[in-house]
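Chains as they are written, first to last, in this note's numbering: chain Z, 274 to 613; chain B, 5 to 149; chain W, 4 to 280; chain R, 8 to 287.
Here a beta-carbon is modelled for each residue, glycine too, at the ideal position from N, C-alpha and C.
Keep in mind it's a predicted model, so treat the numbers as computed, not measured.
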Amino acid sequence: MSEVISQQTLSQLVDQWISQGKRVAGPTRVKPDVLLYEFLTAADQLLLNGFIRPANTIKELIFPRTEKLYGYRLEGKQIELYDVEPPATEQIVVGARPCDAAAFPTLDYVFNWDYKDPFYRRLRDLTTIVTLACRDHDEHCFCTSVKLAPDDEGGSDAMLFDLGDGNYEVRCLTDKGKALFAGATQSSDKVGKAGPGPEPSIDLDKVKQFLDTNFESPQWQSLSLRCVGCGACAYTCPTCHCFDIVDEGNAAGGARVRNWDACQFSMFTMHASGHNPRSDKSQRQRQRIMHKFQIYPDKFGEILCTGCGNCTRNCPVSLGVKPVLEAIQEIATTETIETK
Amino acid sequence: MSDNNEFEPKIIAYVCNWCTYLGADLAGTNRLEYPTNVRIIRLPCTGRIDFNLIVKAFEMGADTVLVSGCHPGDCHYTSGNYHARRRWMLFRGLLDTMGIDMERIHFTWISAAEGAKFQKVITEITEKTKQLGPYEAYRKVCKVS
Amino acid sequence: MTNIYKPDLMEVLQVKQHTPDVKSVRIKFQDEARAREFDFHVGQFGIFSAFGYGESTFNICSSSNWKDYIEFCFRKTGMVTEALWRIEEGDTIGFRGPYGNSYPMKEWEGKNLIFIGGGIAMPPIRCAIWYALENREKYGNITIVYGARTVDDLVFQDELDEWATRERVTVIRTVDPGGETPDWTGKVGFVPTVVEESNIPMDNTAALVIGPPIMIKYTLPILAKAGIADEDIYTSLENRMKCGVGKCGRCNVGPVYVCKEGPVFNMEQLKTLPNDM
Amino acid sequence: MLNQLHETCRKLLEDGTVQVVIGYGQSSPDTPAYPIFVTRPEDVQQLVWNNQCFGNLTTYLTRKEVRAMGKPAIVVKGCDEKTLVVLEKESQIDRSQIVVIGMACSAVGNPPLAKCQACEVHMPRFADATIGQVENPASETDGRYADLEAFLQKTPADRMAYWMNELDRCVKCYACRQVCPLCYCETCIVDKNRPQRIDTSPTLKGNYAWHITRAFHLAARCVGCDECTRACPAGIDLRLLNLSVAKAAETDFGFRAGMDPEVEPVVGSYSEQDKEGFIR
Numbered sequence: 274m275s276e277v278i279s280q281q282t283l284s285q286l287v288d289q290w291i292s293q294g295k296r297v298a299g300p301t302r303v304k305p306d307v308l309l310y311e312f313l314t315a316a317d318q319l320l321l322n323g324f325i326r327p328a329n330t331i332k333e334l335i336f337p338r339t340e341k342l343y344g345y346r347l348e349g350k351q352i353e354l355y356d357v358e359p360p361a362t363e364q365i366v367v368g369a370r371p372c373d374a375a376a377f378p379t380l381d382y383v384f385n386w387d388y389k390d391p392f393y394r395r396l397r398d399l400t401t402i403v404t405l406a407c408r409d410h411d412e413h414c415f416c417t418s419v420k421l422a423p424d425d426e427g428g429s430d431a432m433l434f435d436l437g438d439g440n441y442e443v444r445c446l447t448d449k450g451k452a453l454f455a456g457a458t459q460s461s462d463k464v465g466k467a468g469p470g471p472e473p474s475i476d477l478d479k480v481k482q483f484l485d486t487n488f489e490s491p492q493w494q495s496l497s498l499r500c501v502g503c504g505a506c507a508y509t510c511p512t513c514h515c516f517d518i519v520d521e522g523n524a525a526g527g528a529r530v531r532n533w534d535a536c537q538f539s540m541f542t543m544h545a546s547g548h549n550p551r552s553d554k555s556q557r558q559r560q561r562i563m564h565k566f567q568i569y570p571d572k573f574g575e576i577l578c579t580g581c582g583n584c585t586r587n588c589p590v591s592l593g594v595k596p597v598l599e600a601i602q603e604i605a606t607t608e609t610i611e612t613k
Numbered sequence: 005m006s007d008n009n010e011f012e013p014k015i016i017a018y019v020c021n022w023c024t025y026l027g028a029d030l031a032g033t034n035r036l037e038y039p040t041n042v043r044i045i046r047l048p049c050t051g052r053i054d055f056n057l058i059v060k061a062f063e064m065g066a067d068t069v070l071v072s073g074c075h076p077g078d079c080h081y082t083s084g085n086y087h088a089r090r091r092w093m094l095f096r097g098l099l100d101t102m103g104i105d106m107e108r109i110h111f112t113w114i115s116a117a118e119g120a121k122f123q124k125v126i127t128e129i130t131e132k133t134k135q136l137g138p139y140e141a142y143r144k145v146c147k148v149s
Numbered sequence: 004m005t006n007i008y009k010p011d012l013m014e015v016l017q018v019k020q021h022t023p024d025v026k027s028v029r030i031k032f033q034d035e036a037r038a039r040e041f042d043f044h045v046g047q048f049g050i051f052s053a054f055g056y057g058e059s060t061f062n063i064c065s066s067s068n069w070k071d072y073i074e075f076c077f078r079k080t081g082m083v084t085e086a087l088w089r090i091e092e093g094d095t096i097g098f099r100g101p102y103g104n105s106y107p108m109k110e111w112e113g114k115n116l117i118f119i120g121g122g123i124a125m126p127p128i129r130c131a132i133w134y135a136l137e138n139r140e141k142y143g144n145i146t147i148v149y150g151a152r153t154v155d156d157l158v159f160q161d162e163l164d165e166w167a168t169r170e171r172v173t174v175i176r177t178v179d180p181g182g183e184t185p186d187w188t189g190k191v192g193f194v195p196t197v198v199e200e201s202n203i204p205m206d207n208t209a210a211l212v213i214g215p216p217i218m219i220k221y222t223l224p225i226l227a228k229a230g231i232a233d234e235d236i237y238t239s240l241e242n243r244m245k246c247g248v249g250k251c252g253r254c255n256v257g258p259v260y261v262c263k264e265g266p267v268f269n270m271e272q273l274k275t276l277p278n279d280m
Numbered sequence: 008m009l010n011q012l013h014e015t016c017r018k019l020l021e022d023g024t025v026q027v028v029i030g031y032g033q034s035s036p037d038t039p040a041y042p043i044f045v046t047r048p049e050d051v052q053q054l055v056w057n058n059q060c061f062g063n064l065t066t067y068l069t070r071k072e073v074r075a076m077g078k079p080a081i082v083v084k085g086c087d088e089k090t091l092v093v094l095e096k097e098s099q100i101d102r103s104q105i106v107v108i109g110m111a112c113s114a115v116g117n118p119p120l121a122k123c124q125a126c127e128v129h130m131p132r133f134a135d136a137t138i139g140q141v142e143n144p145a146s147e148t149d150g151r152y153a154d155l156e157a158f159l160q161k162t163p164a165d166r167m168a169y170w171m172n173e174l175d176r177c178v179k180c181y182a183c184r185q186v187c188p189l190c191y192c193e194t195c196i197v198d199k200n201r202p203q204r205i206d207t208s209p210t211l212k213g214n215y216a217w218h219i220t221r222a223f224h225l226a227a228r229c230v231g232c233d234e235c236t237r238a239c240p241a242g243i244d245l246r247l248l249n250l251s252v253a254k255a256a257e258t259d260f261g262f263r264a265g266m267d268p269e270v271e272p273v274v275g276s277y278s279e280q281d282k283e284g285f286i287r
């Protein structure tokens with residue numbers, strides 16, 4: 274037995290949430306050739322099918338690209354700090370991909386170890402995530418290689434399965450999810466099924482082994498050679514979470530703000546002295562891969578990658594995680610053969 | 005509308021040290037009154053007037069920006085104003101495409117002897133800006149979300 | 004929920020200029036309750052802010068025994084430090100911390116101590132020196148080797164003078180060749196050479212070496228040769244940081260987050276880290 | 008054509024004329040080709056040439072890692088080749104130290120990119136080796152600024168509204184800057200903070216300041232390769248901004264960046280006769 278919802282009821286539900294003043298986001302076409310997760314003003318903007326995944330991620334709902342940490346007012350020698358009004362609006366994402374949602378249980382670790390990040394937690398609590406199990410994948414998808422699946426439930430409060438007949442099976446996974454769909458679904462004997470997902474192509478153990486023993490490998494140079502050094506991969510990654518803290522304001526007052534930052538920028542680690550521990554883009558590319566597949570797993574036990582493939586899709590030179598891992602795997606294999 | 009409520013525009017004037025600034029000075033010594041809406045920022049030469057400064061002025065709440073320097077041929081540094089002129093020509097095209105109100109950006113040549121012209125220009129663009137009203141559109145851009 | 008990014012407001016009690024581009028600042032909590040509960044260990048760092056400009060990370064260079072105020076020291080090099088350069092007595096700045104680990108002052112008890120610093124690295128050593136002097140009976144001989152490019156670049160000169168008058172304390176000052184003045188009475192030469200030539204007894208000794216990477220690189224073999232074990236040689240790393248609390252992702256050296264697992268490391272630990280510095 | 012490319016490159020590598028060939032590789036058909044760096048003659052088979060070869064590879068000529076590889080040969084389309092003219096004019100490259108392999112190109116993309124619709128350099132003009140012939144190249148049109156002109160039909164208020172909507176999506180990943188072969192500054196002005204001219208935050212304010220700056224720093228330099236637009240993950244049509252400055256340069260000075268190596272660049276020179284109708 275399952276619970277199903279028709280496309281029509283789902284749309285009504287979305288409109289209802291919007292009219293209740295909730296912020297509802299989902300995949301939508303902002304231009305003929307640009308598909309992004311955006312806040313919706315009406316259910317008919319929501320697109321669930323006919324594409325692999327949006328070019329951005331839902332990370333932004335919980336870890337905004339720019340966020341005020343607090344404000345300050347200056348008057349003569351007097352300074353007053355004040356908290357920025359915390360967001361109180363409930364947020365709902367509809368039609369997120371499981372590879373978007375799966376990032377949050379992983380990100381919970383870094384935002385909550387020792388010092389708890391109140392901004393992340395607040396938005397995390399306010400957000401309900403309804404994912405849609407993937408039926409299709411493209412050549413950049415590799416969720417199955419990082420131990421996820423097209424219907425991975427991590428981070429989802431509810432998951433939809435397209436039944437192909439204008440109906441969706443709804444699986445409520447948390448209380449938040451249940452509350453959202455309470456009374457809106459009907460019992461049915463139809464059970465949804467996700468697509469098979471991409472064939473796993475990366476042996477993570479092999480990759481980890483390479484990373485553990487090849488910090489100083491000349492291969493990093495060739496692996497990063499075509500990288501142009503932008504932040505498109507990091508900013509469209511569901512799990513990249515590095516940030517910068519800057520002041521925005523003038524002599525009278527302003528705010529301290531945190532903005533997304535990316536390890537691929539040379540300024541990221543530049544010391545005041547002018548020394549830069551990662552002055553080379555090979556060092557920066559290494560940091561990105563190490564952080565995801567060695568440092569984070571060693572520290573928190575989770576891989577910092579959901580295999581969504583956004584980094585490669587958005588990369589101006591089609592680099593990103595998957596091609597690098599595949600190359601590492603190939604190098605690792607060749608080297609093993611050679612040493613034998 | 006009472007005088008108190010009348011819109012008083014903020015006008016930023018980037019002027020060169022050698023001509024327009026002295027022109028403004030002359031207006032002062034000759035007691036030629038001009039509106040107090042203008043805030044004069046002195047730079048060495050119009051060639052130094054980085055277009056970022058124009059954007060910055062709008063960011064900081066200017067309703068109109070004036071850039072003014074030496075007449076062609078009079079540049080203290082020989083050619084600063086010629087270079088500036090070229091850049092403005094290109095810059096105007098860009099701002100126009102971005103939908104920035106071109107009636108809020110003015111360029112003039114005012115020499116050290118033209119105190120009266122300075123007075124006239126400032127009076128005119130102040131009046132003009134009063135008609136246009138506050139530059140709400142750019143303030144909307146700069147309202148940090 | 005506590006806003007971990009919001010600093011405490013601090014009143015500036017004193018600003019002291021040491022060199023043409025180095026100042027130290029003494030600050031105290033505006034909030035008295037915070038002042039009472041505040042505690043730290045020497046070696047920890049804080050994040051200091053000039054509102055309107057941003058935050059910068061410095062070691063807390065005062066001793067943890069000084070309860071009425073804390074001090075930090077900085078060189079004018081960027082936007083934030085230029086803003087801090089302009090502050091005066093009575094101004095307000097921001098401080099959050101203390102962050103990171105600290106010097107193992109407890110473990111060092113019963114040992115001779117050798118402090119080796121170069122340039123702007125004196126402040127993070129100074130807190131440990133004062134702490135040791137304030138618990139004088141717990142530590143053996145103290146040797147301080149401090150070098151800078153020129154005589155003008157030596158910071159805390161008055162305190163160096165004072166330390167030199169204390170019992171069982173040796174202070175060796177040096178400047179790089181060419182940096183001396185006609186009346187300079189200290190040594191002339193680079194720190195590693197001076198350490199080597201000074202015949203400092205190094206038995207039962209713990210060393211704290213902070214300075215430019217090149218200075219550390221050439222000093223370490225000398226200490227090793229004198230028989231100081233890797234686990235007794237300490238340094239403090241100063242990577243670029245933004246959050247200070249292990250989130251912003253830039254201060255790591257390989258797997259180690261300097262802001263949380265550092266900034267204090269001994270050589271044994273550093274040798275396990277990849278060359279990411 | 009591909010054979011000829013392979014042979015040319017093999018020869019260049021074999022006889023040591025160059026140490027590296029910067030060209031296009033591809034993982035599977037009909038996916039965007041990406042830059043590859045071929046250093047061994049036996050690897051020239053990896054080079055591809057087809058309508059997926061979007062990138063402007065000249066962006067690598069000024070990068071230290073690539074420079075360290077030795078003398079390069081570079082595969083260019085007619086449009087990319089214009090960049091070389093500007094780079095040389097700005098003393099960023101020594102043309103005699105680069106072997107340019109020009110590819111005849113009717114258009115890239117399917118459907119062809121906007122820039123290809125009004126392309127007049129299907130055949131590279133200054134290459135050391137030119138490969139292929141364009142059959143029935145679209146005849147040169149005056150449509151270079153067609154999209155911009157259509158856009159300018161909107162009222163200024165509508166244009167403002169359009170950009171507010173577009174630039175709201177900018178996340179400041181700087182892909183536009185990083186792919187640009189003419190954004191070669193050691194330290195970009197947004198990365199300088201004394202003073203902080205441009206807000207680094209990806210707010211509308213910071214984004215406006217950034218995109219005005221980016222477009223204007225390319226004034227009369229941008230050759231219209233449109234890599235910035237292609238690279239933008241938010242799909243912002245940066246091309247319109249570049250075109251507006253290019254159009255001003257052409258209208259006012261008869262100048263088109265990268266077209267004629269003999270002409271003095273517009274920015275950096277001046278004429279006493281420049282028109283100044285807008286100056287009082």
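{"Check": "Measure the alpha-carbon distance for MET5/B versus THR112/B and round it to whole angstroms.", "Outcome": "Reliability of the predicted coordinates at MET5/B is poor, the pLDDT of 43 falling under 50, and no value is obtained from them."}
{"Check": "Among the candidates LEU313/Z, VAL383/Z, ASP534/Z, whose CA atom is the shortest distance from the CA of VAL178/R?", "Outcome": "ASP534/Z"}
{"Check": "List, in order along the chain, the chain R residues whose C-beta lies closer than 9 Å to that of MET244/W?", "Outcome": "None at all; the shortest Cβ gap to chain R is about 17 Å."}
{"Check": "Is the beta carbon of ARG46/B closer than 8 Å to that of ASN85/B?", "Outcome": "no"}
{"Check": "Any beta-carbon of chain Z closer than 8 Å to the one on GLY242/R?", "Outcome": "yes"}
{"Check": "What do you get for VAL464/Z, buried or exposed, if any count of 16 or more other CB atoms within 10 angstroms of its CB means buried?", "Outcome": "exposed"}
{"Check": "Using a cut-off of 7 Å between C-beta atoms, extract the partners of LYS228/W located in chain Z.", "Outcome": "Neighbours of LYS228/W on chain Z: none; closest Cβ ~26 Å, over 7 Å."}
{"Check": "What is the DSSP secondary structure of SER6/B, counted as helix, strand or coil?", "Outcome": "Any answer about SER6/B is weak, because its pLDDT of 45 lies below 50 and its placement is not dependable; what the coordinates show is given next. Three-state DSSP puts SER6/B in coil, outside helix and strand."}
{"Check": "Any C-beta of chain B sitting closer than 8 Å to the C-beta of ALA256/R?", "Outcome": "yes"}
{"Check": "In this structure, what does DSSP give as the bridge partners for GLN364/Z?", "Outcome": "ARG296/Z, THR400/Z"}
{"Check": "Counting only C-beta atoms, is LEU209/R closer than 8 Å to chain Z at any point?", "Outcome": "In the sequence under discussion, the amino acid at residue 209/R is Pro, which differs from the Leu named in the question. Output row for PRO209/R: interface = yes."}
{"Check": "Does any CB atom of chain W fall closer than 8 Å to the CB of VAL403/Z?", "Outcome": "no"}
{"Check": "Check the Cβ-Cβ distances between ARG338/Z and every residue of chain R, and say whether any is below 8 Å.", "Outcome": "yes"}
{"Check": "At a Cβ threshold of 8 Å, is GLU521/Z touching chain R?", "Outcome": "yes"}
{"Check": "Rounded to a whole number of angstroms, what is the C-alpha to C-alpha distance between PHE344/W and ASN68/W?", "Outcome": "One cannot answer for residue 344/W here, as it falls past the ends of chain W, which runs 4 to 280."}
{"Check": "What are the boundary residues of the alpha helix (DSSP H) that includes ASP478/Z?", "Outcome": "477-486"}
{"Check": "CB-CB under 6 Å to LEU99/B, same chain, minus the five flanking residues each way: which ones, in chain order?", "Outcome": "none"}
{"Check": "Would you say TYR31/R lies against chain Z (beta-carbon separation less than 8 Å)?", "Outcome": "no"}
{"Check": "What number of angstroms, rounded off, separates the C-alpha of SER34/R from the C-alpha of CYS584/Z?", "Outcome": "16 Å"}
{"Check": "Taking any Cβ of chain W, which residues in the region 502-520 of chain Z have a Cβ under 8 Å from it, in chain order?", "Outcome": "HIS514, CYS515, PHE516, ASP517, ILE518, VAL519, ASP520"}
{"Check": "Could you tell me the boundaries of the beta strand (DSSP E) in which PRO79/R lies?", "Outcome": "79-84"}
{"Check": "With H, G and I counted as helix, E and B as strand and the rest as coil, what does DSSP make of ARG302/Z?", "Outcome": "strand"}
{"Check": "Less than 8 Å separating the beta-carbons of HIS282/W and VAL191/W?", "Outcome": "Residue coverage of chain W in this structure runs from 4 to 280, which leaves residue 282/W outside it and unanswerable."}
{"Check": "Among residues of its own chain, excluding the 5 on either side of GLN293/Z, which ones have a beta-carbon nearer than 7 Å to its beta-carbon?", "Outcome": "none"}
{"Check": "Kindly indicate if chain W contains any beta-carbon less than 8 Å away from that of ARG201/R.", "Outcome": "yes"}
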